[in-house]
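A.B. asks:
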Amino acid sequence: MTYETFRLDSLDHHFACFINRLDSAPSQELWMAAALASNATARGHVCLDMEGAAGIDVLPFHAAATPLRAPAAERWREALVSCDTVGRPGDYTPLVLDGAGRLYLHRSWNHERCVADGILSRLAPLPLDSERLRACLDRYFPLVADTPDPQRLAAVAAVTRRFTVISGGPGTGKTFTVARILALLIELAGEREPAIALAAPTGKAAMRLRQSILLAAERMGLPDALRARMPDRVQTLHRLLGVVPGSVSFRHNRVNLLPCDFLVVDEVSMVDLPLMARLLEALPDTARVVLLGDRDQLASVEAGAVLADICDHGVRHPFSPGFSALAEGLCGPLPAATGPAPPDNPIPLNDSIIHLTTSHRFGAGSGIGSLSRLINAGDGAAALELLRSAAHDDLAWQPLPAASGFEAAFGAAVQAGFGGYVRATTPQEALLELESFRVLSPLREGKQGVLNLNRLTEAALGLQRSEGEPWRRLLPVMVTANNYELGLYNGDTAVLMEEPGSGRLAAFFPDPEGGLRRLSPLRLPACEPAFALTVHKSQGSEFERLLLILPERMTEALSRELLYTAVTRARRRVEIWCDEEVFCRAVERRIERSSGLRERLWGRGGG
Numbered sequence: 020m021t022y023e024t025f026r027l028d029s030l031d032h033h034f035a036c037f038i039n040r041l042d043s044a045p046s047q048e049l050w051m052a053a054a055l056a057s058n059a060t061a062r063g064h065v066c067l068d069m070e071g072a073a074g075i076d077v078l079p080f081h082a083a084a085t086p087l088r089a090p091a092a093e094r095w096r097e098a099l100v101s102c103d104t105v106g107r108p109g110d111y112t113p114l115v116l117d118g119a120g121r122l123y124l125h126r127s128w129n130h131e132r133c134v135a136d137g138i139l140s141r142l143a144p145l146p147l148d149s150e151r152l153r154a155c156l157d158r159y160f161p162l163v164a165d166t167p168d169p170q171r172l173a174a175v176a177a178v179t180r181r182f183t184v185i186s187g188g189p190g191t192g193k194t195f196t197v198a199r200i201l202a203l204l205i206e207l208a209g210e211r212e213p214a215i216a217l218a219a220p221t222g223k224a225a226m227r228l229r230q231s232i233l234l235a236a237e238r239m240g241l242p243d244a245l246r247a248r249m250p251d252r253v254q255t256l257h258r259l260l261g262v263v264p265g266s267v268s269f270r271h272n273r274v275n276l277l278p279c280d281f282l283v284v285d286e287v288s289m290v291d292l293p294l295m296a297r298l299l300e301a302l303p304d305t306a307r308v309v310l311l312g313d314r315d316q317l318a319s320v321e322a323g324a325v326l327a328d329i330c331d332h333g334v335r336h337p338f339s340p341g342f343s344a345l346a347e348g349l350c351g352p353l354p355a356a357t358g359p360a361p362p363d364n365p366i367p368l369n370d371s372i373i374h375l376t377t378s379h380r381f382g383a384g385s386g387i388g389s390l391s392r393l394i395n396a397g398d399g400a401a402a403l404e405l406l407r408s409a410a411h412d413d414l415a416w417q418p419l420p421a422a423s424g425f426e427a428a429f430g431a432a433v434q435a436g437f438g439g440y441v442r443a444t445t446p447q448e449a450l451l452e453l454e455s456f457r458v459l460s461p462l463r464e465g466k467q468g469v470l471n472l473n474r475l476t477e478a479a480l481g482l483q484r485s486e487g488e489p490w491r492r493l494l495p496v497m498v499t500a501n502n503y504e505l506g507l508y509n510g511d512t513a514v515l516m517e518e519p520g521s522g523r524l525a526a527f528f529p530d531p532e533g534g535l536r537r538l539s540p541l542r543l544p545a546c547e548p549a550f551a552l553t554v555h556k557s558q559g560s561e562f563e564r565l566l567l568i569l570p571e572r573m574t575e576a577l578s579r580e581l582l583y584t585a586v587t588r589a590r591r592r593v594e595i596w597c598d599e600e601v602f603c604r605a606v607e608r609r610i611e612r613s614s615g616l617r618e619r620l621w622g623r624g625g626g
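Using my numbering, the letters of the sequence shown correspond one by one to residues 20 to 626.
#1: Tell me Asp76's beta-bridge partners as DSSP assigns them.
#2: What residue range is occupied by the uninterrupted alpha helix (DSSP H) comprising Phe642?
#3: Tell me the DSSP secondary structure of Trp11 in three-state form.
#4: Quick one: is Pro495 buried, meaning 16 or more other Cβ sit within 10 Å of its Cβ, or exposed?
#5: Shortest alpha-carbon distance to Pro674 belongs to which of Gly534, Glu611, Asp530, Ala526?
#6: Flag this pair as yes or no: are the beta carbons of Leu566 and Val441 separated by less than 8 Å?
#7: Specify, as a first and last residue, the run of the alpha helix (DSSP H) that Thr179 falls within.
#8: With distance defined between alpha-carbon atoms, name the residue in Glu404, Phe338, Ser391, Ser389 nearest to His374.
#9: Under a three-way DSSP split, which group does Gln3 fall into?
#10: From Pro144 to Arg246, what distance separates their C-alpha atoms?
#11: Among Ile329, Gly388, Asp313, which residue has its Cα nearest to the Cα of Val295?
#12: Please list the terminal residues of the continuous alpha helix (DSSP H) segment that includes Cys330.
#13: Specify the secondary structure class of Val284 as computed by DSSP and reduced to three states.
#14: Using 8 Å as the threshold, is the C-beta distance between Ala224 and Glu321 below it?
#15: Contact check, Thr194 vs Gln170 under 8 Å by CB: the rounded distance?
#16: Return the CA-CA distance between Tyr583 and Gly312, expressed in angstroms with no decimal places.
#17: Less than 8 Å between the CB atoms is what I'm expecting for Gly190 and His379, so what's the real figure, rounded?
#18: Quick check on Ala427: buried or exposed, where buried means 16 or more other Cβ atoms within 10 Å of its Cβ?
#19: Helix or strand or just coil, what does DSSP make of Arg484?
#20: Exposed or buried, which one is His81 when buried takes at least 16 other CB atoms within 10 Å?
#21: Taking just the CA atoms, how far does Leu228 sit from Pro220?
#22: Return helix, strand or coil for Pro529, following the three-state DSSP convention.
#23: Would you report the Cα separation of Ala605 and Leu524, rounded to the nearest angstrom?
#24: Let's test the definition: count the other Cβ atoms within 10 Å of the Cβ of Val274 and tell me whether it reaches 16, buried, or not, exposed.
#25: Buried or exposed for Gly663, going by 16 or more other Cβ atoms inside 10 Å?
#26: Starting from Ala401, trace the alpha helix (DSSP H) in both directions and tell me its first and last residue.
#27: Does the structure place the region 431 to 447 close enough to the region 475 to 491 that three or more beta carbon pairs sit under 8 Å?
#28: Taking the beta strand (DSSP E) that Arg218 falls in, what are its first and last residues?
#29: Please name the residue in Ser614, Ser613, Trp416, Ser485 whose C-alpha comes closest to that of Phe602.
#30: Using a Cβ distance threshold of 8 Å, determine whether the region 142 to 156 contacts the region 119 to 128, with at least three qualifying pairs required.
#31: What do you reckon, are the CB atoms on Pro167 and Pro367 nearer than 8 Å?
#32: Using beta-carbon positions only, say whether Trp596 and Leu616 come within less than 8 Å of one another.
#33: Assign Ser485 to one of two classes, buried (16 or more other C-beta atoms within 10 Å of its C-beta) or exposed (fewer than that).
#34: Quick check on Glu23: does DSSP put it in helix, strand or coil?
#35: So, using beta-carbon positions, are Glu48 and Pro90 closer together than 8 Å?
Written as structure tokens, this is what we have:
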């Protein structure tokens, strides 16, 4: 792991000073370790890789202070071993140093341990009636010739394990697969009614999962009795766990477990390490878990890259001999592995990871599909050439307009893009039109940041608000902070329109159950305009068309994962405004997050 320059803030400085005061032998090495561990956690890392941080420049909190440099790795570790405030894994100390030179804040080490234990404890194979399972598989996942069927394979994994990951890009059939798995499990349960929970990180993602499950159930042509048993309630993870108002804890925890036999979580790339730890702790040991997501997307805003770590960052290992024999007997040919066999493990995780690779949305001739694959491969030159070639109707590119012409060009683009939205006459119509076009940016601040882009969009559409006017008709807003009392969560989106009958302005949120929820603007939690979204905020959403605007200079926000996430939010068309060099550098830059979870799960690394 290689870090860029560390820039300490006030929290890092004061935390390091506190740890140094707490220790019986304060030292510069301890102060530096505590400051950088705090800083790394705030930047999304789970821990500080001391080998990677050794010798790195450190800019102090006080601007006038002399720049510092992290110590050499071996001397640094030796200095920490004798500190009272630094312990080994399992010690109750503020900082934890493992055998591989990873330094954790104690809570981060505990979260990582909980996630690893929660997964590894669910890997043992379950007993099964193979002939009965084969009959059900033939109904829900009929074999086609002698070609590998990853969806049928995913069903075998979900039935024979208590932990399964189904990973794949947009349109690969993750939710359709899990809907058929649910029907299969309900049928196998017989008269017993399994407690099934469906969840996603955000309200928008929960709503999309519900719609996909209902659509798949309809297409399957299930018997009425079985269809009536299919779950149709999808909750956000916070709502599922039961937030305690005024507290950071949840109602369901290791003591008060969730009443759940089978849990499906969608958009897992958005789930951070602490939330995943809370979720797995709250599940009964007997519960089955199926995680759905795209391992190549941006990691969560908060600490960790949980899905990528679970999937060994995309390495496709061969299955164990036992699972291979079972799966070949039930599914026929298996997909080819592309990576080495992992270290010997009596209960291997690789039997629980299924990759779906065939996109039913982006076919071989899709520009969006081709561009996303080139971005994932890190080939900036080829990706730019594809963009500039104008060979695909679903891709468009233009150089970032000069400052003097940016507002006019952007205004024309959003007038065309949001034309249907501004003509909407009902909340339902407005929310539907809002899904047809959106503007995305990596940044919040600056000329190409979403704050300015939203302001320009309001002006271009004639929706400017006067000073002191927080709301107006047809303003879309996105909640930016969880409000547990109202049941509104970060990322929930509403449109402001008149209430039928009264004519009063109200915020209308789509309900995960399929209806509308109405709220007075005076009761809205913290929120902001949502014509333009950061790429992070767009996760869990899809739009027919989108305009992606990159900044004029390379920034830390830009990466391969960010571009891939942005491009794959579009179903039909992507337009990108960018500088060529900035685009290529972003494609070639991969985000890494320091963590020990990958090593815990895949049997490498120290303690």
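Idealized CB from N, CA, C, for every residue including glycine.
C.D. replies: Looking at the coordinates:
#1: Arg88
#2: Missing from the structure shown is residue 642; the chain here goes from 20 to 626 and no further.
#3: What is shown of the chain runs 20 to 626, which leaves residue 11 out entirely.
#4: buried
#5: The structure shown does not extend to residue 674, since the chain is modelled only from 20 through 626, so no value can be given for it.
#6: no
#7: 169 to 179
#8: Phe338
#9: Missing from the structure shown is residue 3; the chain here goes from 20 to 626 and no further.
#10: 28 Å
#11: It is Met, not Val, that sits at residue 295 in the sequence shown. The candidate whose alpha carbon is nearest that of Met295 is Ile329.
#12: Neither: Cys330 is in no alpha helix (DSSP H) and is coded neither H nor E.
#13: strand
#14: no
#15: At roughly 11 Å, the Cβ-Cβ gap does not stay under 8 Å, so Thr194 and Gln170 are not in contact.
#16: 14 Å
#17: 5 Å
#18: exposed
#19: coil
#20: exposed
#21: 11 Å
#22: strand
#23: 42 Å
#24: exposed
#25: Summary: the structure shown does not reach residue 663, with the chain confined to residues 20 through 626, and so no result is reported for it.
#26: 399 to 408
#27: yes
#28: The question names Arg, yet the displayed sequence has Ala at residue 218. First-last of the beta strand (DSSP E) with Ala218: 215 to 219.
#29: Trp416
#30: no
#31: no
#32: no
#33: exposed
#34: coil
#35: yes
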